[in-house]
Structure formats: C-alpha cells, structure tokens
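Chemist: What follows is a structure written as structure tokens; I'll ask about it next.
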Amino acid sequence: MAWQMIGIFVSTFFVLIASHRIAPIVGLVDNPSNRKRHSGQIPLIGGLSIGLVLCLALLLFPKFIPHQSLLVFTILVLLVTGVLDDRFDLSCRSRLCIQAGLAVLVGFFTDVKLITFGDAFGLGVVQLEWLAIPMTMIAVIGAINAFNMVDGIDGLLGTLALITFSGLAVLFYLQGNTAHTLLCFMFIAALLPYLAFNLGVFGRNYRLFMGDAGSMVIGFAAIWLLFTLTQTSNPLVTSTLSPSNATYYNEALASISPVTALWLIAVPLMDMVAIMVRRIRKGQSPMSPDRGHLHHIFQRIGFSSRQTLCLIALIATSCVLIGIIGESAGVAESVMFYLFLFIFSIYYWMLTKAFRITAYIRVMRKKNRMLNYTIQ
45 MAWQMIGIFV
55 STFFVLIASH
65 RIAPIVGLVD
75 NPSNRKRHSG
85 QIPLIGGLSI
95 GLVLCLALLL
105 FPKFIPHQSL
115 LVFTILVLLV
125 TGVLDDRFDL
135 SCRSRLCIQA
145 GLAVLVGFFT
155 DVKLITFGDA
165 FGLGVVQLEW
175 LAIPMTMIAV
185 IGAINAFNMV
195 DGIDGLLGTL
205 ALITFSGLAV
215 LFYLQGNTAH
225 TLLCFMFIAA
235 LLPYLAFNLG
245 VFGRNYRLFM
255 GDAGSMVIGF
265 AAIWLLFTLT
275 QTSNPLVTST
285 LSPSNATYYN
295 EALASISPVT
305 ALWLIAVPLM
315 DMVAIMVRRI
325 RKGQSPMSPD
335 RGHLHHIFQR
345 IGFSSRQTLC
355 LIALIATSCV
365 LIGIIGESAG
375 VAESVMFYLF
385 LFIFSIYYWM
395 LTKAFRITAY
405 IRVMRKKNRM
415 LNYTIQ
C-alpha cells in the first residue's frame, strides 16, 4: 500500500507543478477583489490536478471498489463543471442542476444513497423508502456546497478535507473495510502536496488554490464515502491495490450509525447551514456571498490566517473524535444527534451575535495589552 500512496503523492506534486504553468495561459486564475484579499493572480488548478490523478489511479486498479466506474465518471463531470465555473463563472442554477443530476444518477443505479436516518430521534429507526432519492439529492448538494463555502483562507478546505478523510479511514478500518480505507488514504496522499503549495511552503510564487473543481470533487467524494459507511446496504470490500487481482466482495456488514456522518463533516456542515439560515432570515439569497463565515469571525477577533486555520482545524478534529469515540463506545444514536444539535445551536447563536462578540473580545484584548504595557 505504501508504494501506491507514495506514487499518488509524487504524481500529484508534479501535476501541480505542470498545471501551475499552464493555468495562466488558459485563464484558470483567481484575481483579487473586495472578497478575495490576496495579491496577484493565483492558479485555480489544485482540485483539477487532484481529481485527474485520483481518476487515473482508480482506472489503473479496476474493481477496486463497487461502482468504481460510476465514481470516476461523476468525478470527471464535476471536474469539467468546476473548471468551467472557475473560468466562465457558471450560474448557480447550472451548478445545482448538474449536482442534482449526478445525485439522482448515483441514487438510481447504485446502493450508494441515503436510505435511513437510523435511530437519530430516539423513536425507532427511520427508513426513507420513496424519499431516499430526494434526500440523497439534498445530501449531495449540501455536502458539495458545504466544502465549497469553507474555502475562504489558505489551507482551510484542504485541511478540513484531510480531517474528514482521516476520520473516514479510521471508521472504515474499524469496520474491516480495507478497500475504502485505502481509497481514503488515496485522497489524503493527493491532498498533502496541494496543501504544501496552497500554504506557500515552496514560496509565494508557487501558491495555488483548489478552485470549484476541487471543492465539488471533495464534497462529492466525502458524501459518497459517508453513504458507503453509514447506510444499511454497505458491503464488505477487500482489495489488494493490484491491477491483476483487485476484487471486491459483497457481504453484509454492520453499518456505522448515520448520525456519526454529521460529526465527520461537522464544521463545513454547521457553517453552511448557519450561514444560509441567517441569509434567509435577512431576506437574502442563501447562496449570496458574504464575510460571515467562521474563519471571518476569527479574523475579525484579531487572529491571523494561520491562527484561524489552526483553531478551526482543532474544532473539526475534536468533532471527528467525538463521532469516532461515540461510535466505538456504542453511545445511543439519539444522544449523539441531540448533542450535535446542541453544539449547532450554540454555534448559530454565536454567529447571530458575531459582531457583538468580536467587538467585545477586541476591546478586552486591547485592555489586556494596555494593562500589560502599564505593568511593564
């Protein structure tokens, strides 16, 4: 397994370097604006490079996971959609229609779909039955746009994706699902070189962004894996990552609680839902951009971009650990669900009071600095 992961890491690294030079020629760059406070043109090829390398890796190992061909097809469609959006700024309706179409396609032709909420409400297992396809469509669109909306500061989208795929890998491993564990590691291996470029490890001249292509692929891959992990039709999948004998076997496996999925994408999900509810209450479009996301709040308090990244990563990691520990300890699904709602309620309340809270914290920090200066 190690050699395959190294191969994906190295391949992504060199594809990113090559794409970095091509991006300005074809116009795949992000320009500074009132909402985008960076200097110079930044290539939007991180997601495209990651997606192409992963598709190639999956094509080299046929029958690695169930419905593999359809997964590759959906990733390629999302890559094309994302690139067109980055280049020509597609309408929100066009993007949503494509995302919904892919969700319906996957829901109709595979068992990778949302068919149960489990015992989330403490009233018995909720089976969706004829609502499975509509709810799958909502979940897919929600996951894609949740990861898209958090892509606001350097390293944030990549780090949150890394945390989510790491949590998924742990749960798949505990479940005994080796192939999907390896698939999670494939995403992790492809994300690491992107993060190095995005955070400027190789210098500001080599910085690049994920782009909509990347956020779409990450969101879709995350929800695909969450469905595979948590729904009752989840198969046991074993594989050796060898083209000659890569096979999968369908055998009933105990599913992970659907509620656990919420904890694995807690930060992107809570941020998206809270922001959209706030916009709707203000009479705005839920998709209209603003500077009210969690990373904006931390920056208004006075934290730097790197400090903000570390704080949000800590919060996301804590949520993933809560989900994994709760699942491993056998905590009731309803307890985990209502705990999630409680934390979300606190987050939403803080978001609605964000300007007051940040102003108060800034004043207190200023007073503290003045007091320290006086003492010295």
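In our numbering, the protein residues as written are 45 to 420. The beta-carbon is built from N, C-alpha and C at its ideal position, and this holds for glycine as well.
Based on the DSSP secondary-structure assignment, which residues constitute the bridge partners of glutamine 275?
Modeler: Position 231 of the sequence shown holds residue 275. Answer by DSSP bridge pairing: none, since glutamine 275 is not bridged.
Chemist: With distances taken between CB atoms, is the gap from leucine 206 to leucine 235 smaller than 7 Å?
Modeler: To locate residue 206, count along the sequence shown from 1; it is residue 162. To locate residue 235, count along the sequence shown from 1; it is residue 191. For leucine 206 and leucine 235, yes; Cβs fall inside 7 Å.
Chemist: Looking at C-beta atoms only, is the number of pairs between the region 203-223 and the region 300-316 that lie closer than 8 Å three or more?
Modeler: Yes, the region 203-223 touches the region 300-316.
Chemist: Output needed for isoleucine 324: all residues of its chain with C-beta closer than 6 Å, excluding positions within five of it in sequence on either side, in chain order.
Modeler: By 1-based counting over the sequence shown, the position of residue 324 is 280. Only Pro330 meet the Cβ criterion.
Chemist: Is the beta carbon of methionine 260 less than 7 Å from the beta carbon of leucine 358?
Modeler: Within the sequence shown, residue 260 is the residue found at index 216, counting from 1. Within the sequence shown, residue 358 is the residue found at index 314, counting from 1. Result no, Cβ atoms of methionine 260 and leucine 358 do not sit closer than 7 Å.
Chemist: Taking buried to mean at least 16 other C-beta atoms within 10 Å of its own C-beta, is isoleucine 159 buried or exposed?
Modeler: Position 115 of the sequence shown, counted from the start, is the residue given in the question as residue 159. Per the 10 Å Cβ criterion, buried.
Chemist: So is leucine 88 buried or exposed if we call it buried at 16+ other beta carbons inside 10 Å?
Modeler: Along the sequence shown, read from residue 1 onward, the residue named residue 88 stands at position 44. Under this definition leucine 88 is a buried residue.
Chemist: Could you tell me whether the Cβ atoms of glycine 166 and serine 348 are closer together than 7 Å?
Modeler: Reading the sequence shown from its first residue, position 122 is the one you call residue 166. Reading the sequence shown from its first residue, position 304 is the one you call residue 348. No, the Cβ-Cβ distance between glycine 166 and serine 348 is not below 7 Å.
Chemist: Where does methionine 380 land, buried or exposed, given buried means 16+ other C-beta within 10 angstroms?
Modeler: The sequence position of residue 380 within the sequence shown is 336, counting from 1. The residue is buried, with at least 16 neighbouring Cβ atoms inside 10 Å.
Chemist: Based on Cα-Cα distance, which residue from Ile177, Met181, Leu140, Cys363 lies nearest to leucine 212?
Modeler: As a first step, residue 212 must be located in the sequence shown, where it is residue number 168. Among Ile177, Met181, Leu140, Cys363, the Cα nearest to that of leucine 212 is on Cys363.
Chemist: Select from Ile50, Ala46, Leu92 the residue whose C-alpha is nearest the C-alpha of isoleucine 66.
Modeler: If you number the sequence shown from 1, residue 66 lands on position 22. Nearest option by C-alpha distance: Leu92.
Chemist: With distances taken Cα to Cα, identify the nearest neighbour of glycine 84 among Gly336, Leu200, Leu204, Arg248.
Modeler: On the sequence shown, residue 84 is found 40 positions in, with the first residue counted as 1. The residue with the shortest Cα to Cα distance from glycine 84 is Arg248.
Chemist: Starting from isoleucine 86, follow its DSSP beta bridges and name the residues at the other end.
Modeler: Within the sequence shown, numbered from 1, the residue matching residue 86 stands at position 42. Note: isoleucine 86 sits in a beta bridge opposite Asp74.
Chemist: I think histidine 339 touches leucine 115, with their Cβ atoms under 8 Å apart; what is that distance to the nearest whole Å?
Modeler: Residue 339 sits at position 295 when you count from the first residue of the sequence shown. Residue 115 sits at position 71 when you count from the first residue of the sequence shown. Not quite, the Cβ-Cβ distance comes to about 30 Å (not below 8 Å), so this is no contact.
Chemist: With burial defined as no fewer than 16 other Cβ atoms inside 10 Å of the residue's Cβ, what is the status of valine 311: buried or exposed?
Modeler: For this step, residue 311 is matched to residue 267 along the sequence shown. Counting Cβ neighbours within 10 Å, valine 311 comes out buried, since at least 16 surround it.
Chemist: Identify whether glycine 166 lies in helix, strand or coil by the three-state DSSP scheme.
Modeler: Here the question's residue 166 lines up with position 122 in the sequence shown. If DSSP states are grouped into helix, strand and coil, glycine 166 belongs with coil.
Chemist: Measure the alpha-carbon distance for alanine 223 versus leucine 102 and round it to whole angstroms.
Modeler: For this step, residue 223 is matched to residue 179 along the sequence shown. For this step, residue 102 is matched to residue 58 along the sequence shown. Going from the Cα of alanine 223 to the Cα of leucine 102 covers about 12 Å.
Chemist: What do you reckon, are the CB atoms on leucine 146 and threonine 118 nearer than 7 Å?
Modeler: Walking along the sequence shown from the start, residue 146 turns up at place 102. Walking along the sequence shown from the start, residue 118 turns up at place 74. Yes.
Chemist: Are aspartate 130 and leucine 175 close, meaning C-beta to C-beta below 7 Å?
Modeler: Looking up residue 130 in the sequence shown gives position 86. Looking up residue 175 in the sequence shown gives position 131. Not closer than 7 Å, so no.
Chemist: Please tell me whether isoleucine 188 and glycine 263 are closer than 7 Å, where the distance is taken between their beta carbons.
Modeler: In the sequence shown, counting from the first residue as 1, residue 188 sits at position 144. In the sequence shown, counting from the first residue as 1, residue 263 sits at position 219. Against a cut-off of 7 Å, the Cβ pair of glycine 263 and isoleucine 188 comes out as a contact.
Chemist: By the DSSP assignment, the alpha helix (DSSP H) with methionine 320 in it spans what residues?
Modeler: As a first step, residue 320 must be located in the sequence shown, where it is residue number 276. Segment 310-325, the alpha helix (DSSP H) holding methionine 320.
Chemist: So, helix, strand or coil for threonine 160, using DSSP?
Modeler: For this step, residue 160 is matched to residue 116 along the sequence shown. In this structure, threonine 160 counts as strand in the three-state DSSP scheme.
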